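In UniProt numbering, the protein residues as written are 1 to 432. From the three backbone atoms N, C-alpha and C, an ideal C-beta is built for every residue, glycine too. This structure is a prediction, so every number in the text was calculated from the model and none was measured. Data first, discussion second: the structure below is written as structure tokens.
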């Protein structure tokens, strides 16, 4: 075991984000080489664990118990197949000044001992609780692990202090309470830790965005009558996995009369001449996510479709220009139209149409920017945040609509856009 990487031996320097804001943000190659310093995974893991420890120390809790796979990865640097995302079958513990514990799915714990030398071997344990209730609480696994966790917390000197839990099965909450633990909300602590990205996280997010740049060029070439929405989804999935994506979470493909209202899905509808069509590509590279919309027209566009696109772009550009450290999210949200201006009865009915959300190991991190949330609950935008800004404008024809989204990195003086497929003007695919 490499003691320099043992996670309970951290240094103050590990909290440094190591930003380099001079010049344009690079989109480095995706492999490791000996002639360029690219993503430093050891530095990445130490930063993430240091951020979590700092957030924990600044809270009222003495312990974090994590079932959210994004939080488990952030703290421990471990990940198994994407199938586990909604199974609630893995968990991790960070208590006091102790190193992280990870209970993983059967043989995955043995794999960590062999390959994850930044973790303590005896902290990599096999374990499973309920798997969304398929293993009933009456079997006793939840009671067993709740008592084991309570013992580790006591050993770390954190007995009696609140235990922050991100989320868990209801029966697991009961088991933890029966083991004498005071369970409170731990997700807010973790979101606070994760909101500021270091240089390595920014590099991974930029690499992920560069992959989507290429997919949109492919879509621009392939978009024509005789092709269906699901064909574009299939081609995009194929291309992304060939490029090294570890999870294509979803692809929205929406065209023609389906554009308004936005259904957030895809179907087997064929593209037709003159359709307005928009897409969203949600995928991850080494865990770091994209959320990246583009709108096209098939062959030609009407004045109403062009007008919708111009308004959508203007709203988006206004919000991008406002982004800099110290600005608050309500100031950004006020730049967007009210829900009633777009024909919706209230802001919650239009939630997500004029929207900003943090990007990282999860699709939705801090900050959240929305007229429904931010006007009464603003938060300050800080250097090192990475988030997506997206706008939507229905066309005057009653069925077309434009949807554009840009990913931005907050620098020391403003922000830089990292989603680069051209969107200044409405792209026409296979123009007639």
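Positions of the beta strand (DSSP E) runs, each at least 3 residues long and wholly inside the region 340-423, are given as 355-358, 365-369, 386-394, 401-410 and 415-417 in order along the chain. For residue 252, the beta-bridge partners assigned by DSSP are 280.
Note on geometry: alpha-carbon atoms of residue 50 and residue 197 lie some 12 Å from one another.
One thing to note: residue 273 has its Cβ within 8 Å of the Cβ of residue 225. In this structure, the alpha-carbon of residue 257 lies about 20 Å from that of residue 430. Looking at the backbone, the Cα of residue 9 and that of residue 99 are separated by about 8 Å. DSSP places residue 75 in the uninterrupted alpha helix (DSSP H) bounded by 69-76.
Counted as a single uninterrupted DSSP element, the alpha helix (DSSP H) harbouring residue 215 occupies residues 199-222.
Excluding the 5 residues flanking it on each side, residue 289 has same chain C-beta neighbours closer than 6 Å at 359 and 363, in chain order. In this model, residue 248 and residue 361 are separated by some 13 Å (Cα to Cα). Going by C-alpha positions, residue 380 is about 43 Å away from residue 135.
DSSP, read as helix, strand or coil, puts residue 184 in strand. By the criterion of a C-beta distance shorter than 7 Å, residue 240 is surrounded in its chain by 211, 215, 248 and 283, once the five residues flanking it on both sides are discounted.
Distances from the alpha-carbon of residue 11 to those of 77, 97 and 26 put 97 closest. A straight line joining the alpha-carbon of residue 189 with that of residue 275 spans about 45 Å. Here the alpha carbons of residue 201 and residue 119 stand approximately 20 Å from one another. If the five residues before and after residue 315 are omitted, its C-beta is found closer than 6 Å to the C-beta atoms of 336 and 391, all from its own chain and listed in chain order.
The region 176-191 makes no contact with the region 261-268; the number of CB pairs closer than 8 Å stays below 3. One thing to note: residue 432 has its Cβ within 8 Å of the Cβ of residue 300. Taking all protein chains shown into account, residue 203 has 16 or more neighbouring C-beta atoms within 10 Å of its C-beta and is therefore buried.
Three or more Cβ pairs drawn from the region 163-175 and the region 140-152 lie within less than 8 Å of each other, which places the two stretches in contact.
Within its own chain, the residues whose Cβ lies closer than 7 Å to the Cβ of residue 245, once the five positions on either side in sequence are excluded, are 211, 283, 284 and 285, listed in chain order. By the criterion of a C-beta distance shorter than 6 Å, residue 402 is surrounded in its chain by 295, 308, 309, 312 and 393, once the five residues flanking it on both sides are discounted. Comparing alpha carbon positions, the residue from 306, 162 and 111 closest to residue 58 is 162. In this structure, the alpha-carbon of residue 66 lies about 14 Å from that of residue 150. If you look at residue 317, you'll find it isn't in any beta strand (DSSP E); it sits in the alpha helix (DSSP H) that goes 303-322. Closest by C-alpha distance to residue 414, out of 345, 365, 325 and 346, is 325. Between residue 231 and residue 252, the C-beta gap is not smaller than 8 Å, which leaves the two residues out of contact.
The alpha-carbon of residue 426 is positioned some 7 Å away from that of residue 297. Around the beta-carbon of residue 79, 16 or more other beta-carbon atoms lie within 10 Å, marking it buried. Boundaries of the alpha helix (DSSP H) harbouring residue 332: 329-333, taken from the DSSP string.
Classified as buried, residue 103 has 16 or more neighbouring CB atoms from the shown chains inside 10 Å of its CB.
For residue 234, the enclosing alpha helix (DSSP H) has its first and last residue at 229-243. Taking C-alpha positions only, residue 70 is separated from residue 351 by approximately 24 Å. The alpha-carbon separation between residue 17 and residue 354 amounts to approximately 30 Å.
For residue 428, the beta-bridge partners assigned by DSSP are 297.
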